[in-house]
Amino acid sequence: MLGQDEELPEQKQAGALTHDEFMNTPILGMYQPMDADGIMNVLSKYPDMYIVTDTKEQKDEDIQQVLQSLVDAAKKHDPSALSRVVVQIYNEPMLEKVKQVYPFPSIIYTLYATQDTEDQVVKFVQNNDIDAVTMPEYKVNQNFVARLKKAGAVTYVHTINDTKQVANYEKWGVYGVYSDVLTEQEMEELNNRFAWKP
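Each residue of the sequence shown is one higher than the one before, starting from -16 at the first, in my numbering.
Now the structure itself:
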């Protein structure tokens, strides 16, 4: 998927890379991978840029190590950049593990991996000042979106690749979507179609 077949030996294509292997293997033949220092360097240069973490690690200590590397890099480049790191959590206990590393001000709770009920999610959001909740389509409904909004969180749905679906979810109060293919221009055209014109 990253176009690295020619760059990496077969045994490395689905496995973990060393730091040097990762940094020296272009993505799609032209994009330079970035480590925590690179990410924080870019964040310090572009004050309107945010990143959302999507750690694929399963063990608490591995997740904490990834987040700690961002914190350490920010201290070298620009500590204020940490206010623009939005940490995505996958279950309720993960929030405490994140807080042990750093009090990141913005948290997104993604629901695809949890079996928690809507009531449990709403209560967790309310009790922990969660900014946003993202969920797959099969978990979204208008009532749940309204309850999350009342609890203080905006809602995202993934993965949506059709502007009509986006429009329907916006009517429900969904704040945004994750998409594989929709462009900013398509979204602007969608918004213009529904904009009030005197």
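Here a beta-carbon is modelled for each residue, glycine too, at the ideal position from N, C-alpha and C.
- Cβ contact annotation for V84 (same chain, cutoff 8 Å, sequence separation greater than five): Q47, L50, Q51 and V54, in chain order.
- Beta-bridge partners assigned by DSSP to Y152: none are found.
- The alpha-carbon separation between V81 and V69 amounts to approximately 11 Å.
- DSSP places M77 in the uninterrupted alpha helix (DSSP H) bounded by E75 to V84.
- Note: H2 is not bridge-paired with any residue in the DSSP secondary-structure output.
- Under the DSSP assignment, M13 falls outside any alpha helix (DSSP H); it carries neither an H nor an E label.
- Following the DSSP letters along the chain, one finds A115 inside the beta strand (DSSP E) bounded by residues A115 to P119.
- The Cβ atoms of A56 and L26 do not sit closer than 7 Å to each other.
- Each of D20, V123, V105 and D37 was checked against the Cα of I143, and the nearest Cα belongs to V123.
- Our two residues, K39 and D112, have alpha carbons roughly 24 Å apart in a direct line.
- For A(-1), the number of other beta carbons within 10 angstroms of its own is below 16, and it is reported as exposed.
- The residues V140, in chain order, have a CB closer than 6 Å to that of Y152 in the same chain once the five nearest residues on each side in sequence are set aside.
- For V104, the enclosing alpha helix (DSSP H) stretches over residues E101 to N111.
- The C-beta distance from T8 to E(-7) rounds to 14 Å, too long to fall under 8 Å, and the pair is not in contact.
- Secondary structure note for S52: its alpha helix (DSSP H) is the uninterrupted segment D43 to H60.
- When the alpha-carbon of I90 is set against those of A150, V116, P76 and E172, the nearest one is in V116.
- Taken through DSSP and simplified to helix, strand or coil, V164 comes out as coil.
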